[in-house]
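Numbering (our numbering), first residue to last: 1 to 187.
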């Protein structure tokens with residue numbers, strides 16, 4: 001994804017760095033804001049991630065975490081066509097309580113949260129095009145047969161004009177603030 005962004009979304013004031021959430025390649029107190037979008041489920045050591053966020057954020061800095069939740073009622077639209085992928089993903093998704101439990105010991109205070117209904121694609125056909133890039137990591141864990149079956153179901157839904165309107169995804173957003181008095185870890 002980073003390489004794609006470098007190639008297709010360059011900007012003079014943006015640099016793309018290779019790194020891991022458990023070892024962020026930035027200096028101590030170098031940021032005012034960290035945005036983690038649809039990536040927490042990839043992090044092996046979430047406590048280390050929280051410590052790194054505390055290290056790189058200035059006192060009063062905020063982190064915004066956008067993610068699906070394990071206990072969220074709605075499943076993503078793609079789960080209808082690739083249920084095996086969602087079953088692989090779901091155990092790795094956090095709960096609100098888990099997010100707060102990793103952030104608080106690292107020196108963060110809860111600010112707010114909400115669920116936003118994001119527009120993912122203008123139509124099912126456009127959604128199918130997006131899914132074909134396999135940018136959803138859970139899809140890459142499926143066998144070729146499972147992928148083909150899911151895309152066949154999706155093509156059938158497109159052909160029969162099921163769900164012709166826009167595709168939306170409810171995403172949970174949590175905002176937390178680094179305590180003013182908290183000392184950065186490491187570095």
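In this text, a Cβ means the ideal position worked out from N, Cα and C, and glycines have one as well.
Between the alpha carbons of residue 52 and residue 155 lies a gap of roughly 43 Å. For residue 117, the pairing in a beta bridge is given by DSSP as 170.
Sixteen is the threshold: since fewer than 16 other Cβ atoms of the shown chains lie within 10 Å of the Cβ of residue 73, the residue is exposed.
No Cβ-Cβ contact shorter than 8 Å links residue 36 with residue 68. Straight across, the Cα-Cα distance linking residue 117 with residue 169 is about 6 Å. One Cα belongs to residue 159, the other to residue 49, and the distance between them is close to 44 Å.
Residue 138 sits close to residue 89, with the two beta carbons spaced by under 8 Å. Going by C-alpha positions, residue 39 is about 21 Å away from residue 109. Residue 1 and residue 9 have their C-alpha atoms roughly 11 Å apart.
Residue 60 is classed as exposed because its beta carbon has fewer than 16 other beta carbons within 10 Å across all chains shown. Nearest C-alpha to residue 42 among 161, 22, 16: 22.
Contact annotation: the stretch 141-149 does not touch the stretch 22-31, with fewer than three C-beta pairs closer than 8 Å. DSSP places residue 127 in the helix class (H, G or I) of the three-state scheme. For the 8 Å CB-CB criterion, residue 31 and residue 58 form a contact.
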